[in-house]
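Undergrad:
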Amino acid sequence: MNRLLIDVGSTYFKVSSQENIEQHFRDFNKDILDDLKFKCSKTIECYKKDDVYICSSANGGLSTLIIGLTNSFSLKYAKNIAFNSGINIIESVMYQNLADYSIPSDLIDVVIIVGGINTNKDIFKDDLYEYLKMLNYSNIVFVGCENEAQKLEKNIQNLVILPNIIDEKLHIVEENLKEYLTNLYQLDIEGKEDIKNLYEITANQIYSTPYIVNKTLPFIHIKFGVVDPFILIDIGGATTDIHYSKDLVDDNIVTENEYDRLVFKKLGVYKSKESLIFAAQNNEFVYELLSYLKVTENIFSDESQKGTKVLMQLAIFLVLTKMSHYKQSYINLKLLSINSIVFTGGITKVLSASEIEEIISFFYKKILNSQHNPMTVLDSNYDIWTIGVKGDDNVN
Amino acid sequence: MKVVTGVVGNDIHVVANRLIELSLNARGFEVFNLGVNTYLEEFFDAVVETGAEVLLISSLNGEAEGWSREIKLLKASYKNLDNLVMMIGGNLVVGSGDADEIVPKYKNYGFDLVFHQVDLNTGLDTLEEYLKQRGMR
Ligand code: B12
Numbered sequence: 001m002n003r004l005l006i007d008v009g010s011t012y013f014k015v016s017s018q019e020n021i022e023q024h025f026r027d028f029n030k031d032i033l034d035d036l037k038f039k040c041s042k043t044i045e046c047y048k049k050d051d052v053y054i055c056s057s058a059n060g061g062l063s064t065l066i067i068g069l070t071n072s073f074s075l076k077y078a079k080n081i082a083f084n085s086g087i088n089i090i091e092s093v094m095y096q097n098l099a100d101y102s103i104p105s106d107l108i109d110v111v112i113i114v115g116g117i118n119t120n121k122d123i124f125k126d127d128l129y130e131y132l133k134m135l136n137y138s139n140i141v142f143v144g145c146e147n148e149a150q151k152l153e154k155n156i157q158n159l160v161i162l163p164n165i166i167d168e169k170l171h172i173v174e175e176n177l178k179e180y181l182t183n184l185y186q187l188d189i190e191g192k193e194d195i196k197n198l199y200e201i202t203a204n205q206i207y208s209t210p211y212i213v214n215k216t217l218p219f220i221h222i223k224f225g226v227v228d229p230f231i232l233i234d235i236g237g238a239t240t241d242i243h244y245s246k247d248l249v250d251d252n253i254v255t256e257n258e259y260d261r262l263v264f265k266k267l268g269v270y271k272s273k274e275s276l277i278f279a280a281q282n283n284e285f286v287y288e289l290l291s292y293l294k295v296t297e298n299i300f301s302d303e304s305q306k307g308t309k310v311l312m313q314l315a316i317f318l319v320l321t322k323m324s325h326y327k328q329s330y331i332n333l334k335l336l337s338i339n340s341i342v343f344t345g346g347i348t349k350v351l352s353a354s355e356i357e358e359i360i361s362f363f364y365k366k367i368l369n370s371q372h373n374p375m376t377v378l379d380s381n382y383d384i385w386t387i388g389v390k391g392d393d394n395v396n
Numbered sequence: 397m398k399v400v401t402g403v404v405g406n407d408i409h410v411v412a413n414r415l416i417e418l419s420l421n422a423r424g425f426e427v428f429n430l431g432v433n434t435y436l437e438e439f440f441d442a443v444v445e446t447g448a449e450v451l452l453i454s455s456l457n458g459e460a461e462g463w464s465r466e467i468k469l470l471k472a473s474y475k476n477l478d479n480l481v482m483m484i485g486g487n488l489v490v491g492s493g494d495a496d497e498i499v500p501k502y503k504n505y506g507f508d509l510v511f512h513q514v515d516l517n518t519g520l521d522t523l524e525e526y527l528k529q530r531g532m533r
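One line per chain: the protein sequences are A and B, in this order. Counting from 1, one number per residue, gives the positions in the first sequence under this note's numbering. Counting from 397, one number per residue, gives the positions in the second sequence under this note's numbering.
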């Protein structure tokens, strides 16, 4: 069946038909629909509304603030669920240190309160209500200890109560919170004027891009010679996404999902260029890396294609470093066990396989002291996204 | 009464850990077993999430000492762990060692009950006695 697939990103959009894929930088003075029509009206006109599929990673999705008890359980589990629901902006606050955090001034789309197994008690006190009074939020949900629910409901207006995401064995229970967040995300996308207008050209539901990519991963072998286990890196204009299979983490998170997602906000090559450069300058290996690439620090102010290339190479290096055991973080992947690294998104249009491989081998040698060299797979034709959008007919 | 247990650090000796879970259950404790390969922060975090009264750490391969030096500092960063009963046992040093030296050292690291190469049941009897004395059981 002939379909038109459209992906709206923070920096550019892609339009994929049976014949070819077009990619255009977005014009931020225009509404997305006008911009699309201006640049690809000929293509769009050829398709019926039923045959147009759109997904969007623009607008960053929902912003979330998680208040939890500990890094190893409640905060970690809630973060994991939020990432897997497609959420990019996550701030977390450790309840016992509530007083030490500055109050975010921006409107928060959803506040998540979590902590304690169901048989625990007397966890949350008045300081929580005081803190919440200072916040500016649209939704609030409690997914912690059952014994605390009634008390919190009495003290917090419009509190949604869902089953605990931590079970009696300290394992994660994802489904309820994930469904809640995915629905909110969906409502948010639909509510955005810009996106709403897109329903003028499609009769199908508009999904978030990470949701689509995650759906594709179990079927990735249809199109690519990917050797398991693998990770997928999507370096975008505003954020960098990593999708990884569960067997790559030693972790107390045991779920049904085969793949998890992690987002590095403020790590992108256009919108978040400044913070990418900042992160690079704070990495002790970066000057060695630059000299390995035969460039100097001046490259950061270079607006040419060469500058973008180096920024993307840096982004790969930083992301791998952040996920490695070299830096203790939210999640550390067993990078010595991976056999393939798949790249998707704009990077595949800018860097060649050998330019990517250069960085990967530098990373393994420098940071992990290893000759390990996973295979690089480039999704230069956006097949991952196409498989996902087309959904099940692909697979069956 | 709730007990969090596990084997500290990179230690993977699992047999004693399984026995500890069984024995604690048989003695009527509610057990949260974090298994082998557990880091200090995870132990304390599990205590916070469960509301456990006892933390029982075991260590077999000799690496406990390195970790134990960090306990006071880490524990101080938690606001509600003052009444936690802390217990450790197994092989607490590399080699056989002398319990008369080892026990005071570990008490100084912040443990209430220390069992170097002591049989599990003896250790658990002592725990129950200790809890009784403190009026916790
Ligand atoms: C089986 C075994 C292994 C297996 C473990 C398999 C597994 N997944 O469990 C393998 C081969 C993988 C292994 C590896 C290693 N092992 Co090993 N291993 C043993 C062995 C032979 C038996 C352990 C066992 O299961 N015993 C049965 C259980 C029931 O007894 P237990 O562990 O002693 O526990 C009892 C008590 O200690 C006590 N107890 C334990 N915890 C607690 C807690 C409290 C509160 C209390 C009260 C009591 C208590 O109660 C238990 C029941 O009475 C012992 C030697 C021995 N005979 O004990 C060495 C031994 C533990 N291993 C040792 C070493 C050094 C290693 C390695 C470092 C070897 C190496 N160089 O690679 C690695 C470390 C791996 C790692 N990352 O931890 C040393 C530790 C020496 C030390 N502490 O100074 C031992 C003692 C051997 C020796 N004599 O040198 N090992």
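Beta carbons are placed, not taken as given, at the ideal position from N, Cα and C, and that holds for glycine. If you're wondering where the values come from, they're calculated on a predicted model, not measured in any experiment.
Relative to the C-alpha of L418 (chain B), which residue among B:V450, B:T446, B:S473, B:L516 is closest?
TA: B:L516
Undergrad: In angstroms, rounded to a whole number, what distance separates the CA positions of K192 (chain A) and I87 (chain A)?
TA: 16 Å
Undergrad: What residues from chain B crowd round K121 (chain A), counting only those whose CB sits closer than 8 Å?
TA: G447
Undergrad: Hey, would you say the C-beta of I484 (chain B) is under 7 Å away from at least one heavy atom of the ligand B12?
TA: Yes - the ligand B12 has a heavy atom lying nearer than 7 Å to the Cβ of I484 (chain B).
Undergrad: Should G491 (chain B) be listed as close to the ligand B12, given that the test is whether its C-beta is under 7 Å from any heavy atom?
TA: Yes, Cβ of G491 (chain B) sits closer than 7 Å to a heavy atom of the ligand B12.
Undergrad: Can you tell me whether D478 (chain B) is buried or exposed, with buried defined as 16 or more other CB within 10 angstroms of its CB?
TA: exposed
Undergrad: Who are the near neighbours of S105 (chain A) in its chain, counting only those whose CB is closer than 8 Å to its CB and skipping five residues on each side?
TA: N136
Undergrad: For L520 (chain B), which residues from the same chain have a beta carbon less than 8 Å from its beta carbon, with the 5 sequence-adjacent residues on both sides left out?
TA: If we look at L520 (chain B) and ignore the five residues flanking it on each side, its Cβ neighbours are S419, L420, R423.
Undergrad: What residues in its chain sit with their C-beta under 7 Å from that of M375 (chain A), if we drop five residues either side in the sequence?
TA: V227, N339, S340
Undergrad: Tell me which residue opens and which closes the alpha helix (DSSP H) that Y287 (chain A) is part of.
TA: 286 to 292
Undergrad: When you measure from the CB of D194 (chain A) to every non-hydrogen atom of the ligand B12, does any distance come out below 7 Å?
TA: Taking the Cβ of D194 (chain A) as the reference point, every heavy atom of the ligand B12 lies at 7 Å or farther away.
Undergrad: If you drop the 5 nearest sequence neighbours on each side, which residues of the same chain put their C-beta closer than 7 Å to that of M312 (chain A)?
TA: Same-chain partners within the cutoff: I235, V269, I347, V350, L351.
Undergrad: Can you tell me whether A422 (chain B) sits near the ligand B12, meaning its C-beta is under 7 Å from at least one heavy atom of the ligand?
TA: No, since every heavy atom of the ligand B12 falls outside the 7 Å radius drawn around the Cβ of A422 (chain B).
Undergrad: For the ligand B12, is there any heavy atom lying closer than 7 Å to the beta carbon of G115 (chain A)?
TA: no
Undergrad: For N71 (chain A), return the contacting residues in chain B, with the cut-off set at a CB-CB distance below 8 Å.
TA: E437, D441
Undergrad: When every heavy atom of the ligand B12 is checked, does at least one fall within less than 7 Å of the C-beta of L418 (chain B)?
TA: Checking every heavy atom of the ligand B12 against the Cβ of L418 (chain B), none is found closer than 7 Å.
Undergrad: Looking at the structure shown, is C55 (chain A) part of a helix, part of a strand, or coil, going by DSSP?
TA: Under the three-state reduction of DSSP, C55 (chain A) is assigned to strand.
Undergrad: Between F363 (chain A) and the ligand B12, is there a pair consisting of the residue's CB and a ligand heavy atom that are separated by less than 7 Å?
TA: Because no heavy atom of the ligand B12 lies under 7 Å away, the Cβ of F363 (chain A) does not count as near it: no.
Undergrad: Does the CB of K503 (chain B) have a neighbour CB from chain A at under 8 Å?
TA: no
Undergrad: Between F511 (chain B) and L470 (chain B), is the Cβ-Cβ spacing less than 8 Å?
TA: no
Undergrad: Would F428 (chain B) pass as an interface residue toward chain A - the criterion being a Cβ-Cβ separation below 8 Å?
TA: yes
Undergrad: Can you find the residues in the same chain that come closer than 8 Å, C-beta to C-beta, to L4 (chain A), ignoring five residues on each side of it along the sequence?
TA: V15, S16, S17, T43, I44, C46, Y47, D51, V52, Y53
Undergrad: Out of A:G307, A:L177, A:N155, state which residue places its alpha-carbon closest to the alpha-carbon of I165 (chain A).
TA: Among A:G307, A:L177, A:N155, the Cα nearest to that of I165 (chain A) belongs to A:L177.
Undergrad: Are the C-beta atoms of K475 (chain B) and some chain A residue less than 8 Å apart?
TA: yes
Undergrad: Quick check: the Cα distance between N394 (chain A) and L232 (chain A), rounded to an integer number of angstroms?
TA: Residue placement at N394 (chain A) is poorly supported in this model, since its pLDDT is 47, which falls under 50; the coordinates still yield a value, given next. If you take the alpha carbons of N394 (chain A) and L232 (chain A), they lie about 20 Å apart.
Undergrad: Label T446 (chain B) either buried or exposed according to how many other C-beta atoms from any shown protein chain fall within 10 Å of its C-beta, with 16 as the threshold for buried.
TA: buried
Undergrad: With a threshold of 8 Å between beta carbons, is H409 (chain B) in contact with chain A?
TA: no
Undergrad: According to DSSP, R261 (chain A) sits in a beta bridge with which residue or residues?
TA: A:H243
Undergrad: Label L187 (chain A) either buried or exposed according to how many other C-beta atoms from any shown protein chain fall within 10 Å of its C-beta, with 16 as the threshold for buried.
TA: Here L187 (chain A) is exposed, its C-beta having fewer than 16 other C-beta atoms within 10 Å.
Undergrad: Residues of the segment 153 to 182 of chain A in Cβ contact with chain B at a cutoff of 9 Å, in chain order, please.
TA: I166, E168, K169, L170
Undergrad: Could you tell me whether the Cβ of Q150 (chain A) comes closer than 8 Å to any Cβ of chain B?
TA: no
Undergrad: What are the start and end residues of each continuous alpha helix (DSSP H) run of 4 or more residues lying completely inside the segment 32 to 104 of chain A, in chain order?
TA: 32 to 45, 74 to 84
Undergrad: In the DSSP assignment, find the unbroken alpha helix (DSSP H) run with S464 (chain B) in it and report its ends.
TA: 460 to 464
Undergrad: Determine the direct distance from the alpha carbon of T64 (chain A) to that of M483 (chain B), and round the result to whole angstroms.
TA: 39 Å
Undergrad: Kindly identify the DSSP beta-bridge partner or partners of I453 (chain B).
TA: DSSP, once it has assigned bridges, lists B:G402, B:I484 as partnering I453 (chain B).
Undergrad: Cβ atoms of N97 (chain A) and Y129 (chain A): under 8 Å apart, would you say?
TA: No. Outside cutoff.
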